[in-house]
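Input: a single structure, listed below in structure tokens.
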Amino acid sequence: MKVQPRSEIGSAPAHLGINFKAAPSFEVALSDQAVLEGQDVVLRIRVKGEPKPIVHWLKNRHPIKYGRRISAIEEEDGSFCLHIRMVECSDAGYYACKAINEYGTKQCEAKLDVQGTLGSHRA
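Letter 21 of the sequence shown, counting from 1, is numbered 21 in the working numbering, and no numbers are missing.
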């Protein structure tokens, strides 16, 4: 970008390189959810920052173990999602998303409640 400062005395060309750097901040944070056992759930956030933050998912303060039922993706709109398929009672807990770049760290947290279905009770 080229800036041309002016005053009563005259003007002088100046070059201004605008390169904004920013710590992560959440545009959309996690929110508490309640689901029935066996349903799918998506935990979604949108974070901004420059440089682009790296996103880590945690459950009860421990890194998430990904597998066939649990996956994390970045969507085209810049959202980050944690997908849990066929939710089990053991999936209940506190989920956190931690966004990190060289200018800082930001975290949001939400509770996932899993309610058993009537057919899931064993005698």
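Beta carbons are placed, not taken as given, at the ideal position from N, Cα and C, and that holds for glycine.
Only a predicted model underlies this, so the values are computations on that prediction, with no experimental measurement involved.
Item, Value
"Nearest candidate by alpha-carbon position, reference ALA29, set THR105, GLN115, ALA110 and GLY116", "ALA110"
"DSSP bridge partner residues for ASN101 (one or two, in chain order)", "GLY104"
"Simplified DSSP state of ASP40, which is helix, strand or coil", "coil"
"PRO51 beta carbon less than 8 angstroms from that of GLY104", "no"
"Helix, strand or coil at ASP113 according to DSSP, with G and I counted as helix", "strand"
"Nearest-angstrom beta carbon gap, PHE26 and CYS81 [assumed within contact, 8 angstroms]", "That belief does not hold up - the Cβ atoms of CYS81 and PHE26 are roughly 14 angstroms apart, past 8 angstroms."
"CA-to-CA distance, GLN39 to SER71, given in whole angstroms", "15 angstroms"
"Cα-Cα separation, GLY67 to VAL87", "13 angstroms"
"Segment limits, beta strand (DSSP E) that includes LEU130", "Given a span of 1 to 123 for the chain in the structure shown, any question on residue 130 remains unanswerable."
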